[in-house]
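Residue numbers (my numbering): 323 to 473.
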């Protein structure tokens, strides 16, 4: 799941831990639930502490969303992006597959990061909330997601 683990002490009451996930998204747009991977990282590193989890994707064509999955909401979200950002030739950014310029607009609508509360070592999400990697770029089938816990 995770590699490139790093830990740094930030004083006697807190510490900073970070890792990267390498995720294969394939050659189609996806809304991929990574909540379980975030929870597994916190199980290893938060050890029952309160703090913040930052989830960051260092790519110009992907983002992190907190939304409901599994009930069609994730597909509705992707459909909304398709309506707002059609994959056609209107985009000035022209390298890659046709319509790829829209993928470079996605992070303006879906931020490449989310900072989430951690209470007692667990993500403090709402009942229907999940941490979701949004990737509309079929030209890049691999994504890196950085998880950082400060607590």
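For glycine and all other residues, C-beta sits at the position ideal for the given N, C-alpha and C.
In this text, all values refer to a predicted model and were calculated from it rather than measured experimentally.
Locate the alpha helix (DSSP H) running through residue i, then write down its first and last residues.
i: residue 430; result: 428-431
i: residue 405; result: 395-406
i: residue 441; result: Per DSSP, residue 441 belongs to no alpha helix (DSSP H); it is in the beta strand (DSSP E), 435-441.
i: residue 364; result: 357-367
Counting C-beta neighbours from all protein chains within 10 Å, is the total for residue i 16 or more, i.e. buried, or is it exposed?
i: residue 393; result: exposed
i: residue 404; result: exposed
i: residue 407; result: buried
i: residue 370; result: exposed
i: residue 340; result: buried
i: residue 437; result: exposed
i: residue 375; result: buried
i: residue 425; result: buried
i: residue 334; result: At residue 334 the pLDDT is 43, less than 50, meaning the model places this residue with poor confidence and gives no usable figure here.
Closest by CA to residue i, which one among the options?
i: residue 456; options: 348, 341, 372; result: 348
i: residue 418; options: 412, 378, 379, 462; result: 462
i: residue 470; options: 356, 346, 360, 345; result: 360
i: residue 365; options: 451, 441, 383; result: 441
i: residue 421; options: 344, 409, 386, 382; result: 409
i: residue 362; options: 342, 379, 380, 381; result: 342
i: residue 434; options: 466, 447, 423, 444; result: 466
i: residue 383; options: 464, 459, 472; result: 459
i: residue 430; options: 381, 473, 472; result: 381
i: residue 396; options: 355, 344, 473, 367; result: 355
If I follow the unbroken beta strand (DSSP E) through residue i, where does it start and stop?
i: residue 452; result: 452-457
i: residue 376; result: 373-378
i: residue 465; result: 464-472
i: residue 448; result: Segment: none, residue 448 is in no beta strand (DSSP E) and carries neither H nor E.
message: Within 8 Å, do at least three Cβ pairs link the region 397-406 to the region 341-356?
response: yes
- request: Would you check if there are 3 or more beta carbon pairs closer than 8 Å linking the region 443-452 to the region 409-417?
  value: no
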